[in-house]
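Input: a single structure, listed below in structure tokens.
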Amino acid sequence: MIAILKIFAAQVTLSVKSRAALQAENALLRHQIDILRRQAPKRIRCSRAERAIIKLFLRLWPRSARFICILHPKTVVRWHQEGFRLYWRWKSRVRRGRPRTSSEIRALVRQMSGDNPLWGAPRIHGEMLKLGFDVSQATVSRCMPKRSPNPNQSWKTFLRNHLDCTAAIDFLVVPTLTFRILYVLVILGHERRELLRLAVTSNPTAEWTARQITEAFPWNSAPRYIIRDNDRSYGHIYGRRLAAMGIHDCPIAPRSPWQNGFVERFIGSLRRECLDHVIVKNEKHLRRILKSYLSYYNRSRTHLSLNKDSPMPRPVSTTSSDPIISIPEVGGLHHRYERMAA
Numbered sequence: 133m134i135a136i137l138k139i140f141a142a143q144v145t146l147s148v149k150s151r152a153a154l155q156a157e158n159a160l161l162r163h164q165i166d167i168l169r170r171q172a173p174k175r176i177r178c179s180r181a182e183r184a185i186i187k188l189f190l191r192l193w194p195r196s197a198r199f200i201c202i203l204h205p206k207t208v209v210r211w212h213q214e215g216f217r218l219y220w221r222w223k224s225r226v227r228r229g230r231p232r233t234s235s236e237i238r239a240l241v242r243q244m245s246g247d248n249p250l251w252g253a254p255r256i257h258g259e260m261l262k263l264g265f266d267v268s269q270a271t272v273s274r275c276m277p278k279r280s281p282n283p284n285q286s287w288k289t290f291l292r293n294h295l296d297c298t299a300a301i302d303f304l305v306v307p308t309l310t311f312r313i314l315y316v317l318v319i320l321g322h323e324r325r326e327l328l329r330l331a332v333t334s335n336p337t338a339e340w341t342a343r344q345i346t347e348a349f350p351w352n353s354a355p356r357y358i359i360r361d362n363d364r365s366y367g368h369i370y371g372r373r374l375a376a377m378g379i380h381d382c383p384i385a386p387r388s389p390w391q392n393g394f395v396e397r398f399i400g401s402l403r404r405e406c407l408d409h410v411i412v413k414n415e416k417h418l419r420r421i422l423k424s425y426l427s428y429y430n431r432s433r434t435h436l437s438l439n440k441d442s443p444m445p446r447p448v449s450t451t452s453s454d455p456i457i458s459i460p461e462v463g464g465l466h467h468r469y470e471r472m473a474a
């Protein structure tokens, strides 16, 4: 704006000067320009306003192009091309049209595509319609991430598909008050981490272990696979009992307890939450403690893998006006909280 005002003021001043004065002034200005051009850097940078003034002069008076000394002709042409691009970018700007896809829809489409590698755009579009999203199938296809043409399920999905037919078995050792060693047999279902049986003995034999398997899975409730370690207490009688019940025996690799991680994790929880806080008197006392913990574990204790629910699902209280009561469990080591109906 200041440069335009200066040019306007110069034009007003020139209109009152004589021709001889103008010729002398032009000669002196050209001489100064020659001096500056010899000492100026190779590239002179002009602001946008200065570029606009030069282009305006060339547009109004094309013959004035021969008076340009500090610029090359190709520089002026490039400025004109840049201005042309900016003009059409402004003229073709988006004013109206199709609304943009929200980030919520894009994130949901990507989540569905990642969780279900066998689904295509039509299937995901159908799920989106059932969820109340009014989007087109083309939008869903555009938001889907690129993936291989032959998607395969992950190991995590493969293992989850077999949780309902898999159980795990293991032993843990508990010392008594008189330093007697007792053995606790743990049978855990994988589907909802449900504790199926806790049995106590001082002499774990193959016959006793096989009998506990029969009592843990009555009628037709036996799983298809049972994972165990390589303990010698599992003998031929145990193997024959599993075969008679239609259960596949799956021993883990030697020195690989991580392959039976669910039951190992439960044994750690049992010790930290119960057995490390009591002194066991005898076998009868241990059975009573384990019975109390089994009820607490299956009915009250929440699990991260079950979305903060218990193995036996707990109902969610919807009334907020009823008072909350505390129910002690496992001898007061843990508590369960419920709303007491008025």
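My numbering applies: residue 133 is where the sequence shown begins, and numbers increase by one.
C-beta atoms are modelled at their ideal positions from N, C-alpha and C, and glycine is treated no differently.
According to DSSP, residues forming a beta bridge with residue i
i: residue 303; result: 317
i: residue 308; result: 412
i: residue 274; result: Answer is none; residue 274 lacks a bridge partner.
i: residue 289; result: In DSSP, residue 289 forms no bridge with anything.
i: residue 469; result: 458
i: residue 298; result: 357
Cutoff 6 Å; reference residue i; Cβ partners in own chain excluding five residues on either side
i: residue 429; result: 327
i: residue 379; result: 354, 358
i: residue 370; result: 338, 341, 342
i: residue 101; result: Because the chain is modelled from 133 through 474, residue 101 falls outside the range shown and cannot be assessed.
Own chain, CB closer than 8 Å to residue i, minus 5 neighbours either side, in chain order
i: residue 334; result: 312, 313, 314, 315, 415
i: residue 386; result: 362
i: residue 309; result: 411, 412, 413, 414
i: residue 346; result: 373, 377
i: residue 456; result: 469, 470, 471, 472
i: residue 256; result: 241, 244, 245, 248, 272, 276
Residue i versus residue j - alpha carbon distance
i: residue 322; j: residue 353; result: 14 Å
i: residue 275; j: residue 240; result: 9 Å
i: residue 179; j: residue 218; result: 16 Å
i: residue 399; j: residue 260; result: 43 Å
i: residue 336; j: residue 388; result: 22 Å
i: residue 408; j: residue 418; result: 13 Å
i: residue 366; j: residue 426; result: 24 Å
i: residue 443; j: residue 231; result: 46 Å
i: residue 320; j: residue 235; result: 42 Å
i: residue 390; j: residue 435; result: 19 Å
i: residue 304; j: residue 395; result: 10 Å
Top-ranked residue by Cα proximity to residue i, from the options
i: residue 331; options: 337, 342, 318; result: 318
i: residue 329; options: 290, 307, 299, 407; result: 299
i: residue 339; options: 293, 373, 443; result: 373
i: residue 406; options: 393, 417, 422; result: 422
i: residue 266; options: 443, 233, 391; result: 233
i: residue 181; options: 152, 158, 215; result: 215
i: residue 302; options: 435, 152, 393; result: 393
i: residue 439; options: 158, 246, 325; result: 325
Residues near residue i by beta carbon distance below 7 Å, same chain, minus five either side
i: residue 496; result: Nothing about residue 496 can be reported from this structure: the residues present for the chain run from 133 to 474 only.
i: residue 253; result: 269, 272, 273, 276
i: residue 467; result: 458, 459, 460, 461
i: residue 463; result: 424
i: residue 285; result: 249
i: residue 295; result: 322, 323
i: residue 433; result: 442
query: Fully enclosed by the stretch 375-461, which beta strand (DSSP E) runs are 3 residues long or longer?
result: As far as the stretch 375-461 is concerned, its whole beta strand (DSSP E) runs of at least 3 residues are 380-383, 456-461.
message: Report the start-end ranges of each alpha helix (DSSP H) in the stretch 318-376 that is 4 residues or longer and not cut off at the edges.
response: 338-348, 368-376
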